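Reading through the structure tokens given below for one structure.
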Ligand SMILES: *[C@@H]1O[C@H](CO)[C@@H](O)[C@H](O)[C@H]1NC(C)=O
Ligand SMILES: *[C@@H]1O[C@H](CO)[C@@H](O)[C@H](O)[C@H]1NC(C)=O
Ligand SMILES: *[C@@H]1O[C@H](CO)[C@@H](O)[C@H](O)[C@H]1NC(C)=O
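In mature numbering (1 follows the signal peptide of the UniProt record, and there is no 0), the protein residues as written are -17 to -1, 1 to 263.
Take a look at the structure:
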């Protein structure tokens, strides 16, 4: 089944603009546990805080096997309501980042997104040398707040940070809990975002992005960025919503089937994360 998925993907891309890209790195999640040589697992329990970041998320990102598992060649990130709070948080989830970073190329993640109240899957890239947020820049490949839309864009500058992005409306028949390919192509001149090979947003880097910077395209030019995958719970992006016990039980009510018609409530950044670069 996996082979089938990959061949379909390659076929689509051959028709599109990928001819000149060669695979540099890929993660297929085929082992028994997340590869510690490749991924850093955020552990806010160990580091002694659970800030929930700027948007007041309700989860603590921890390194627990139930939150972060490899199943049948897929990474599964699952949020849980805990019996005992972790710091002041009732929910746990996971966030992983690559240990290495890359500059320019095409970054793609094939994933099925979770369906469940107040869940927010995120795929992003952040500078390998973070400074005051968002001085070093952040690229949001995709986030979703349980609507028929993908939120993509860039953060840069500081005091105040600047966000420039787009909310891309999916057709009513698109099921984000089935596998789709989310990608960003990044060059010295621009970044473009793709859903299943279709470009929906471009951000140009051919100018000075804010008075905070001196050089064109800074901080996105010539700097390495890491890939980040996270499942958030709640927060300011879900105003006037509350979670009750039935909502969170629902997160665990998973019908998992591998294949293009997968129905699942888990966040499954399936089967691969890939980095490609234009061959010379
Ligand atoms: C996460 O937990 C696993 C299993 O307990 C451990 O082997 C690994 O080193 C931990 N990773 C981090 C980043 O703490
Ligand atoms: C940047 O590139 C875009 C697309 O080629 C163009 O429309 C725009 O005018 C350019 N901006 C600058 C400042 O050169
Ligand atoms: C959860 O579901 C059960 C069974 O449908 C129902 O009896 C109960 O009232 C629900 N709890 C809440 C908090 O809505």
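Where is the CB? At the ideal position from N, CA and C, for every residue including glycine. A quick note: this is a predicted structure, and the numbers were derived from the prediction, not measured.
Continuous beta strand (DSSP E) stretch holding residue i: start and end
i           : result
residue 8   : 4 to 10
residue 110 : 102 to 110
residue 190 : It is not in any beta strand (DSSP E) - residue 190 carries neither H nor E in the DSSP assignment.
residue 208 : 208 to 216
residue 124 : 121 to 126
residue 89  : 88 to 95
residue 43  : 42 to 44
residue 178 : 173 to 178
residue 147 : 145 to 152
Per-residue burial, residue i [other beta carbons within 10 Å of its own, 16 or more giving buried]
i           : result
residue 257 : buried
residue 142 : exposed
residue 238 : Confidence is the limiting factor: at residue 238 the pLDDT is only 40, short of 50, which leaves the residue's position unreliable, though a coordinate-based value still follows. Exposed is the call here.
residue 225 : exposed
residue 259 : buried
residue 3   : exposed
residue 93  : buried
residue 231 : buried
residue 126 : buried
residue 187 : exposed
Residue range of the alpha helix (DSSP H) that includes residue i
i          : result
residue 29 : 27 to 30
CB of residue i within 8 angstroms of CB of residue j, strictly
i           : j           : result
residue 61  : residue 50  : yes
residue 42  : residue 74  : yes
residue 123 : residue 148 : yes
residue 117 : residue 135 : no
residue 214 : residue 80  : no
residue 44  : residue 19  : no
residue 82  : residue 28  : no
residue 185 : residue 174 : yes
residue 165 : residue 109 : no
residue 105 : residue 121 : no
8 angstroms contact criterion, which residue i and residue j should meet: CB distance rounded
i           : j           : result
residue 160 : residue 172 : No, residue 160 and residue 172 are not in contact; Cβ-Cβ is about 35 angstroms, not under 8 angstroms.
residue 169 : residue 39  : Their Cβ separation, rounded to whole angstroms, is 29 angstroms, which puts residue 169 and residue 39 out of contact at 8 angstroms.
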